[in-house]
Amino acid sequence: MGRPRSVRIRRVRQENKRVRTLYLESDHAEPFQPGQFLMVWTPGIDEIPMSISYWEDSETGISVLPVGPATQALASMSEGDRLGLRGPFGNGFRVFRDRALVVGGGIGMAPLRPLIHSLVQLGAETTVVVGARTSSELLFETELRSIKTPRLTVRTATDDGSAGYRGLATQLAAEILNESSFDRVYTCGPEMMMINLYRLTRELGIHIQASLERHMKCGCGLCGTCAMDPTGDLVCLDGPVFDESRLMELTEFGNYQRDATGVKRSFSSKL
């Protein structure tokens, strides 16, 4: 499994009201695929999986939304502080040069950020839906709008209507899919958002890749904590990105996930 390598935080950027991105020194010795994650060790606190939101210019970025002790500790770190990294781990997004719809909800935009840049570099015609509860929680919208190419379209959806489309990201995505033809959908965000997108793409016959989140301990397939029912697929090793051929086999997708003790916790039907 290997020990974490100690890295220094080069800079910190406040992305929105709650999310900060830590840009870490990196020699990029390991290959990277958009959608992969790192195991991030905060000394004296915990080691947790974090999506990679940036991988360029000898820097690696992780975008942090403080929700628990580990992410709260990460969010409080400053330039010059050090933390431990293992990875990258997992299977990321497979990128194709065709017409793509990318749908992100909240902090789910983090692993989609490098994917979108890869799609743009590849010349794929790409539409992005950035979803959030309110305008102050939109993530990377301004950055994406600054990309100068006619092949990229950025739309926003907020639950309260404070920016862009008033409603859920899935509702806006459904309208876009019904108005135009797409070859595939890439998504990350709340699981109920992704299961609804998956069901819609099945009806329309469109390929989909979704990045799932489950409780992890080792990050490399040893502990089995992130195994999915009923196939035993490991989110850390076989995922976190799964395509429609695997999603249709995962009966827990969109229904429940297990907490740190292994107890099933159902997803709220109103998400």
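Residues 2 to 272 in my numbering are what the sequence shown lists, from first letter to last. Here a beta-carbon is modelled for each residue, glycine too, at the ideal position from N, C-alpha and C.
When the Cα of SER59 is compared with those of LEU25, MET51, ARG87, THR43, which residue comes out closest? LEU25
Once DSSP output is grouped into helix, strand and coil, what is the label at SER119? helix
Taking 8 Å as the cut-off, decide whether the C-beta atoms of ARG156 and THR127 are in contact. no
Buried versus exposed, by CB contacts within 10 Å (16 or more), LEU248: buried
What residue range does the beta strand (DSSP E) around PRO32 cover? Run containing PRO32: none; DSSP gives neither H nor E here.
Can you find at least 3 beta carbon pairs, one from the region 233 to 240 and one from the region 254 to 265, that sit closer than 8 Å? no
Would you mind reading off the limits of the beta strand (DSSP E) that contains LEU75? Counting along the chain, LEU75 falls outside any beta strand (DSSP E), though it belongs to the alpha helix (DSSP H) covering 70 to 76.
Taking 8 Å as the cut-off, does the region 102 to 115 touch the region 73 to 91 (at least 3 CB pairs, one atom from each stretch)? no
ALA175 beta carbon less than 8 Å from that of LEU145: no
Taking the straight line between their C-alpha atoms, what separation do you get for GLY255 and CYS189? 13 Å
According to the neighbour-count rule (16 or more other Cβ atoms, all chains shown, within 10 Å of its Cβ), is VAL242 buried or exposed? buried
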